[in-house]
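Chemist: Residues in the sequence shown are numbered from 1 upward in steps of one, following my numbering. Here a beta-carbon is modelled for each residue, glycine too, at the ideal position from N, C-alpha and C. These numbers come from a predicted model, not from an experiment.
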Amino acid sequence: MPKKIISIIIPFFNEEKNIPLVYDKLLKVFNSLQERYNYEIIFIDDGSVDKSPEILENLTNQNKNIKYLQFSRNFGKEIALSAGLDVASGDAVLMIDADLQHPVELIPGFIEKWQNGAEVVVGVRNKNNGEGLVKKLGSLLFYKIINFIGETKITPRATDYRLLDKKVVLAFRRFTEHGRMARGLIDWLGFKREYIYFNANGRVNGTACYDKIKLIKLALNTIVSHSLLPLKLAGYLGIAITSLFGTAGFLLLIGKYIIHNSFAMSFTGTAELAILIIFLVGLVLACLGLVALYIANIKAEVTNRPNYVIRKSSFDRKI
Ligand code: UDP
Ligand code: MG
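Here you go:
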């Protein structure tokens, strides 16, 4: 039987110090696995402006199993991961960060779970050494919100350190959306999953390139692309306000001008005006909710997600 190929994809942005380190470590792991597996390591240079391109060029010349893609500018890690998945040719593809926060020693464990039938093996962080309180709270809040309102459930602390079977990779390539978070989409795909728990190491060199603003943007984008609830809430609120103030206004008019109730008579013209205005604001919000329904429809068409994902097929065609 021919040896299976494992592709490793490593997106990076300005990691000149870490690339040689992660490369050495990976090489050791694959030397120990070489009887059963071949490997390819695909580095995706997400527009680095340090020495990493030259370092990588050297590595590519030394070792034919190293490949690399270089982006014209910084597109972000999610897009870099997608590019890696587009070009990887392995039977399984493993995504890993360049900063050594993901322990490479676990790779044989990932492979074993895959060989035992898992189609997606997800690395889940126990805790992240050296992560600030703000980031911890932020990520807790993000997972709470997305799992409460989103249509796709995302495992908290699940990282991008994951192995995907070739079928999953082929399915992933069919996504056409632009604002994307790779792990959210992989979770959406389904497939048989297994988890590997690990303690994230501290970053070896450099600082995290994902600053807080970028993370907040990514979180907002993910919430918006996985849920319409915020927009629909405006609609619900509008309906509630309009029905409440519509009824109140109606009763007031009857009380004041028809049955001359003394309580209703005590309302001034200004108060009536206020009720009318709130009623109309509610109407506007309700209409926003209606617009949300149309947007939902357009969004579903425009993001153009595949309608289904196939695991196996007896048809002789590429899934
Ligand atoms: N990265 C990237 N493009 C970017 C930012 C980061 O490819 O615009 C890479 C980075 O080099 C590293 C991985 O994504 O390999 C994780 O980034 P980082 O350590 O900054 O984030 P965190 O560990 O906080 O998730
Ligand atoms: Mg990191």
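Do the CB positions of Lys167 and Glu112 come within less than 9 Å of each other?
Modeler: It is not a contact, given that the beta carbons lie outside the stated cut-off.
Chemist: Taking 6 Å as the limit between beta carbons, can you name the residues of its chain near Ala83, skipping five residues before and five after?
Modeler: Ile44, Leu69
Chemist: Hey, how far is the Cα of Asn18 from the Cα of Ile41?
Modeler: Asn18 and Ile41 have their alpha carbons spaced roughly 15 Å apart.
Chemist: At a cut of 8 Å, does the segment 281-295 reach the segment 234-241 through at least three beta carbon pairs?
Modeler: Output reads yes: the segment 234-241 touches the segment 281-295.
Chemist: Is it true that the segment 156-171 meets the segment 76-96, where meeting means three or more beta-carbon pairs spaced less than 8 Å apart?
Modeler: yes
Chemist: By a C-beta neighbour count over all protein chains shown, 10 Å radius and 16 as the cutoff for buried, is Pro11 buried or exposed?
Modeler: buried
Chemist: Using a Cβ-based criterion (distance less than 8 Å to any ligand heavy atom), does Gly76 qualify as near ligand 1?
Modeler: yes
Chemist: What residue does the beta strand (DSSP E) around Gln70 start on, and which one ends it?
Modeler: 66-70
Chemist: Is Glu16 near Lys51, with beta carbons less than 9 Å apart?
Modeler: yes
Chemist: According to DSSP, what are the bridge partners of Arg125?
Modeler: Its beta-bridge partners are Phe198.
Chemist: Name the DSSP beta bridge partners of Met95, please?
Modeler: Ile9, Arg162
Chemist: Excluding five sequence neighbours on each side, which residues of the same chain lie with their C-beta closer than 6 Å to the C-beta of Phe30?
Modeler: Tyr39
Chemist: Measuring CB to CB, does Asp46 end up less than 9 Å from Trp114?
Modeler: Contact flag unset, no.
Chemist: Would you call Ile154 buried or exposed, if buried means 16 or more other Cβ atoms sit within 10 Å of its Cβ?
Modeler: buried
Chemist: Any contact between the segment 180-193 and the segment 217-224? By contact I mean 3 or more CB pairs, one from each, below 8 Å.
Modeler: yes
Chemist: Express the C-alpha separation of Lys144 and Leu137 in angstroms, rounding to a whole number.
Modeler: 11 Å
Chemist: Alpha carbon to alpha carbon, what distance is there between Gly190 and Lys3?
Modeler: 27 Å
Chemist: Examine ligand 1 and report whether any of its heavy atoms sits within less than 8 Å of the Cβ of Gln101.
Modeler: Yes, the beta carbon of Gln101 sits closer than 8 Å to at least one heavy atom of ligand 1.
Chemist: Find out if the Cβ-Cβ distance for the pair Arg125, Arg157 is shorter than 9 Å.
Modeler: yes
Chemist: Compute the beta-carbon to beta-carbon distance between Leu276 and Gly249, rounded to the nearest angstrom, for a pair I have assumed lies under 8 Å.
Modeler: Indeed they touch by this definition, with Cβ atoms about 6 Å apart.
Chemist: Can you tell me which of Lys256, Leu33, Lys212, Glu177 puts its alpha carbon nearest to the alpha carbon of Val104?
Modeler: Leu33
Chemist: On the premise that Ile146 lies in contact with Thr222, defined as a C-beta separation below 8 Å, what is that separation, rounded to the nearest angstrom?
Modeler: Right, the Cβ-Cβ distance comes to about 6 Å (below 8 Å), so this counts as a contact.
Chemist: Between which two residues does the alpha helix (DSSP H) carrying Asp86 extend?
Modeler: 77-87
Chemist: Candidates Phe279, Ile295, Asp86, Asp24: which alpha carbon is nearest Ala171's?
Modeler: Restricting attention to Phe279, Ile295, Asp86, Asp24, the CA atom closest to the CA of Ala171 is found in Asp86.
Chemist: Starting from Glu272, trace the alpha helix (DSSP H) in both directions and tell me its first and last residue.
Modeler: 269-303
Chemist: For ligand 1, is there any heavy atom lying closer than 8 Å to the beta carbon of Ala171?
Modeler: no
Chemist: Work out the CA separation of Ile196 and Phe110 for me, nearest whole Å.
Modeler: 7 Å
Chemist: Taking all protein chains shown into account, decide if Phe142 is buried (16 or more other Cβ within 10 angstroms of its Cβ) or exposed.
Modeler: buried
Chemist: Would you mind reading off the limits of the alpha helix (DSSP H) that contains Phe191?
Modeler: Element bounds for Phe191: n/a, residue is neither H nor E.
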